[in-house]
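Asks: Chains as they are written, first to last, in this note's numbering: chain L, 1 to 205; chain R, 1 to 205.
There are 2 protein chains.
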Amino acid sequence: MKRLPDKTVERLSQYRRTLNNQLAKGKTHIFSHEIANLLHITPVQVRRDIMLIGYSGTLRKGYDISEMIELIGTIIDTDQGVRIAVIGMGNLGKAFIHYMYEKRTKLKIVAAFDVNPDKIDKSYEDVYCYHLDKLEEIMIEKEISVAIIATPPEVASPLADRLKEAGIRGILNYTPRPLSPREGVYLEEHDMITSLEKVAYFVKN
Amino acid sequence: MKRLPDKTVERLSQYRRTLNNQLAKGKTHIFSHEIANLLHITPVQVRRDIMLIGYSGTLRKGYDISEMIELIGTIIDTDQGVRIAVIGMGNLGKAFIHYMYEKRTKLKIVAAFDVNPDKIDKSYEDVYCYHLDKLEEIMIEKEISVAIIATPPEVASPLADRLKEAGIRGILNYTPRPLSPREGVYLEEHDMITSLEKVAYFVKN
DNA sequence: TTAGATTTGTTAAAAATTTAACAGCTATTT
DNA sequence: AAATAGCTGTTAAATTTTTAACAAATCTAA
Numbered sequence: 001m002k003r004l005p006d007k008t009v010e011r012l013s014q015y016r017r018t019l020n021n022q023l024a025k026g027k028t029h030i031f032s033h034e035i036a037n038l039l040h041i042t043p044v045q046v047r048r049d050i051m052l053i054g055y056s057g058t059l060r061k062g063y064d065i066s067e068m069i070e071l072i073g074t075i076i077d078t079d080q081g082v083r084i085a086v087i088g089m090g091n092l093g094k095a096f097i098h099y100m101y102e103k104r105t106k107l108k109i110v111a112a113f114d115v116n117p118d119k120i121d122k123s124y125e126d127v128y129c130y131h132l133d134k135l136e137e138i139m140i141e142k143e144i145s146v147a148i149i150a151t152p153p154e155v156a157s158p159l160a161d162r163l164k165e166a167g168i169r170g171i172l173n174y175t176p177r178p179l180s181p182r183e184g185v186y187l188e189e190h191d192m193i194t195s196l197e198k199v200a201y202f203v204k205n
Numbered sequence: 001m002k003r004l005p006d007k008t009v010e011r012l013s014q015y016r017r018t019l020n021n022q023l024a025k026g027k028t029h030i031f032s033h034e035i036a037n038l039l040h041i042t043p044v045q046v047r048r049d050i051m052l053i054g055y056s057g058t059l060r061k062g063y064d065i066s067e068m069i070e071l072i073g074t075i076i077d078t079d080q081g082v083r084i085a086v087i088g089m090g091n092l093g094k095a096f097i098h099y100m101y102e103k104r105t106k107l108k109i110v111a112a113f114d115v116n117p118d119k120i121d122k123s124y125e126d127v128y129c130y131h132l133d134k135l136e137e138i139m140i141e142k143e144i145s146v147a148i149i150a151t152p153p154e155v156a157s158p159l160a161d162r163l164k165e166a167g168i169r170g171i172l173n174y175t176p177r178p179l180s181p182r183e184g185v186y187l188e189e190h191d192m193i194t195s196l197e198k199v200a201y202f203v204k205n
């Protein structure tokens with residue numbers, strides 16, 4: 001399949017979660033407009049995305065929820081799953097771990113890192129926290145390919161260097177300080193304050 | 001000024017933060033390509049955004065940092081500032097409060113809400129936590145216009161109803177369950193798992 | 001069995017966003 | 001003072017993303 005548009009990939013993840021919810025409620029089929037309502041996007045967009053991933057629904061019955069979840073999995077998930085580290089065991093790091101806890105996605109947080117002795121060598125919801133000094137070692141041992149940076153902003157950039165050196169493939173930066181892209185490392189930034197300021201701006205008008 | 005593109009608004013917020021950093025380092029002027037490098041976008045995009053907000057730099061000296069910060073402020077900030085509530089005092093809620101703590105933006109978190117007695121009637125970094133029952137009362141008293149939802153997903157939707165009823169103007173939903181839009185309420189969604197799955201997808205390829 | 005109502009799949013059009021191209025200043029160098 | 005180099009501001013082109021439009025398929029009901 002040719003490369004999917006970025007925005008479609010983002011939505012696939014949402015579709016799957018929504019579909020799982022519906023499945024849990026006992027539904028077996030769903031219409032494009034139902035998905036659309038749940039995610040407040042348009043039905044056309046849903047159908048188009050579904051077309052792009054090469055799935056087909058049944059006319060007048062809609063899409064088979066299980067099949068679609070399955071298919072999205074083959075697209076979004078890697079076979080072995082992606083193994084993730086959270087760096088920074090503050091509130092945000094913990095929030096991530098809590099979020100992922102007991103969700104059975106192919107994404108798995110397999111380690112946390114911090115420099116605070118109070119946090120090190122303890123588990124938080126099954127995720128063990130190591131001293132940051134052990135980063136490289138554990139990354140190899142646990143085959144970690146993605147890192148979430150949830151540290152104070154000033155350490156983000158040197159950390160990214162270390163991660164790259166140690167062979168990271170993707171970084172999700174939740175720090176307000178943007179990182180410069182590194183060759184061969186997929187970088188996604190998210191800035192909580194920007195989200196807020198955006199809301200604030202549109203509230204004004 | 002006519003309505004700015006959404007994406008530009010998002011970037012203005014980032015520009016300002018970056019400019020503040022540079023100002024703190026003693027710089028007084030900055031070129032478009034410098035801003036661009038710091039945020040890893042293109043210089044053209046920076047110049048275009050700056051054009052859209054009606055600012056001009058000096059040729060061969062670049063943009064005056066202070067002036068630009070000032071101007072972005074007049075666009076992004078409201079005069080009185082926006083007063084914000086965090087709902088849900090879990091890790092994520094705390095992360096938000098911590099993030100905003102002592103940042104002198106016009107955005108101010110003025111209250112938190114929860115239902116857990118251990119959290120209620122205490123302050124976390126100067127933000128007082130009320131029982132959720134007092135939501136409407138406090139919202140009016142403190143003139144809150146934006147709410148960040150950081151609760152467990154299942155309560156998000158009824159909560160949004162209450163918020164709307166109480167006159168909220170904007171909602172930032174950090175719950176994985178998407179909310180349906182409500183008339184007159186600006187809604188911004190952010191799903192941490194989607195961010196992660198996006199990274200995971202692009203790491204694969 | 002014909003008409004009507006739904007709902008999908010897809011192509012085409014529209015809108016939003018990003019990138020390119022380049023003219024026009026201003027400082028600097030020769 | 002003429003040539004050069006560096007940057008800005010802006011219009012135009014390209015790309016990406018969303019929305020519209022509609023034919024085709026399937027069920028329902030008269």
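The C-beta atom is built at its ideal place from N, Cα and C for all residues, glycine as well.
With a threshold of 8 angstroms between beta-carbons, can L86(R) be considered close to chain L, or not?
Replies: Position 86 of the second sequence, counted from the start, is the residue given in the question as residue 86(R). The sequence as given places Val at residue 86(R); Leu does not occur at that position. Chain L, which has no Cβ nearer than 8 angstroms to the Cβ of V86(R), makes this no.
Asks: Here's the rule I'm using: 16 or more other beta-carbon atoms within 10 Å means buried, otherwise exposed. How should R3(L) be labelled?
Replies: As a first step, residue 3(L) is located in the first sequence; it is residue number 3 there, counting from the start. Per the 10 Å Cβ criterion, exposed.
Asks: Just to confirm, is the Cβ distance from D118(R) to Q14(L) under 8 angstroms?
Replies: Taking the first residue of the second sequence as position 1, residue 118(R) is located at position 118. Taking the first residue of the first sequence as position 1, residue 14(L) is located at position 14. No, the Cβ-Cβ distance between D118(R) and Q14(L) is not below 8 angstroms.
Asks: Name the DSSP beta bridge partners of L187(L), please?
Replies: Start at 1 with the first residue of the first sequence, and residue 187(L) comes out as number 187. According to DSSP, which records beta bridges pairwise, L187(L) is partnered with I171(L).
Asks: Does DSSP put T248(L) in a helix, a strand or coil?
Replies: This structure gives no information on residue 248(L), because the portion of chain L shown stretches from 1 to 205.
Asks: Determine whether the beta carbon atoms of H40(R) and P181(L) lie at a separation below 8 angstroms.
Replies: As a first step, residue 40(R) is located in the second sequence; it is residue number 40 there, counting from the start. As a first step, residue 181(L) is located in the first sequence; it is residue number 181 there, counting from the start. In this structure, P181(L) lies closer than 8 angstroms to H40(R) by Cβ.
Asks: Give me the Cα-Cα distance between T194(R) and E10(L), rounded to the nearest whole angstrom.
Replies: The count along the second sequence starts at 1 and reaches residue 194(R) at position 194. The count along the first sequence starts at 1 and reaches residue 10(L) at position 10. The straight-line gap from Cα to Cα measures roughly 6 angstroms.
Asks: I'd like the list of long-range same chain contacts for M51(R), defined as Cβ closer than 6 angstroms, with 5 residues on each side in sequence excluded.
Replies: Within the second sequence, residue 51(R) is the residue found at index 51, counting from 1. For M51(R), where only same-chain residues beyond five positions count, there are no Cβ hits under 6 angstroms.
Asks: Could you tell me which chain R residues have their CB closer than 7 angstroms to the CB of S145(L), listed as they occur along the chain?
Replies: Sequence index remark: in the first sequence, residue 145(L) carries index 145 (1-based). Residues of chain R passing the Cβ test: V203.
Asks: Taking CB distances under 8 angstroms as the criterion, tell me whether F113(L) reaches chain R.
Replies: In the first sequence, the residue the question calls residue 113(L) occupies position 113. No - not a single Cβ of chain R is within 8 angstroms of the one on F113(L).
Asks: Measuring only between beta-carbons, confirm whether L52(R) sits less than 8 angstroms from chain L.
Replies: As a working note, residue 52(R) is residue 52 in the second sequence. For L52(R), the answer is no, since every Cβ of chain L falls outside 8 angstroms of its Cβ.
Asks: What is the DSSP secondary structure of S145(L), reduced to helix, strand or coil?
Replies: In the first sequence, residue 145(L) corresponds to position 145, counting from 1. If DSSP states are grouped into helix, strand and coil, S145(L) belongs with coil.
Asks: Would you say E67(R) faces chain L, with C-beta separation under 8 angstroms as the test?
Replies: On the second sequence, position 67 is the one that residue 67(R) refers to. Chain L contact via Cβ: absent.
Asks: Between the stretch 144-159 of chain R and the stretch 69-86 of chain R, do three or more beta carbon pairs fall short of 8 angstroms?
Replies: As far as the Cβ criterion goes, the stretch 144-159 of chain R touches the stretch 69-86 of chain R, which means the pair count is three or higher.
Asks: List, from N- to C-terminal side, the alpha helix (DSSP H) runs of 4 residues or more that fit wholly inside the stretch 35-116 of chain R.
Replies: With a minimum length of 4 residues, the continuous alpha helix (DSSP H) runs that stay inside the stretch 35-116 of chain R are 43-52, 65-76 and 91-100.
Asks: Cutting at 8 angstroms between CB atoms, please list the residues of its own chain near Q45(L), excluding the five before and the five after it.
Replies: Residue mapping note: residue 45(L) aligns to position 45 of the first sequence, counting from 1. Taken in chain order, the residues that qualify are R11 and A36.
Asks: How far does the beta strand (DSSP E) with V127(R) in it reach, from first residue to last?
Replies: Counting from one through the second sequence, the residue named residue 127(R) turns up at place 127. Per DSSP, V127(R) belongs to the beta strand (DSSP E) from V127 to H131.
Asks: Flag V71(R) as yes if its beta-carbon sits less than 8 angstroms from any beta-carbon of chain L, otherwise no.
Replies: Counted from its first residue, the second sequence places residue 71(R) at position 71. The question names Val, yet the displayed sequence has Leu at residue 71(R). Chain L, which has no Cβ nearer than 8 angstroms to the Cβ of L71(R), makes this no.
Asks: Which same chain residues, not among the five before or five after I97(R), have their C-beta less than 8 angstroms away from its C-beta?
Replies: Here residue 97(R) corresponds to residue number 97 of the second sequence, with the count starting at 1. Taken in chain order, the residues that qualify are V86, I109, A112, Y124, E125 and V127.
Asks: Does the beta carbon of H33(R) sit closer than 8 angstroms to a beta carbon anywhere in chain L?
Replies: Here the question's residue 33(R) lines up with position 33 in the second sequence. No, H33(R) does not count as interfacial toward chain L.
Asks: Once DSSP output is grouped into helix, strand and coil, what is the label at S180(L)?
Replies: What you label residue 180(L) is simply residue 180 of the first sequence in a count that begins at 1. The answer is coil: DSSP assigns S180(L) none of H, G, I, E or B.
Asks: Would L23(L) and S66(L) be called neighbours here (beta carbons separated by less than 8 angstroms)?
Replies: What you label residue 23(L) is simply residue 23 of the first sequence in a count that begins at 1. What you label residue 66(L) is simply residue 66 of the first sequence in a count that begins at 1. It is a contact, given that the beta carbons lie within the stated cut-off.
Asks: So T78(L) and K198(R) are in contact, right, with Cβ under 8 angstroms, and what is the actual spacing, rounded?
Replies: By one-based count along the first sequence, residue 78(L) stands at place 78. By one-based count along the second sequence, residue 198(R) stands at place 198. Contact doesn't hold; Cβ gap of about 14 angstroms is too wide.
Asks: Along the stretch 87-103 of chain L, what residues have a CB closer than 9 angstroms to any CB found in chain R?
Replies: Within the stretch 87-103 of chain L, the residues whose Cβ lies closer than 9 angstroms to some Cβ of chain R are G90, N91, L92, G93, K94, A95, F96, I97, H98, Y99, M100 and K103, listed in chain order.
Asks: Give the DSSP bridge partners of Y124(R), in chain order.
Replies: Within the second sequence, residue 124(R) is the residue found at index 124, counting from 1. The partner list for Y124(R) (beta bridge, DSSP) reads V127(R).
Asks: Quick one: using the 10 Å Cβ neighbour count with 16 as the cut-off for buried, is T42(L) buried or exposed?
Replies: As a first step, residue 42(L) is located in the first sequence; it is residue number 42 there, counting from the start. Per the 10 Å Cβ criterion, exposed.
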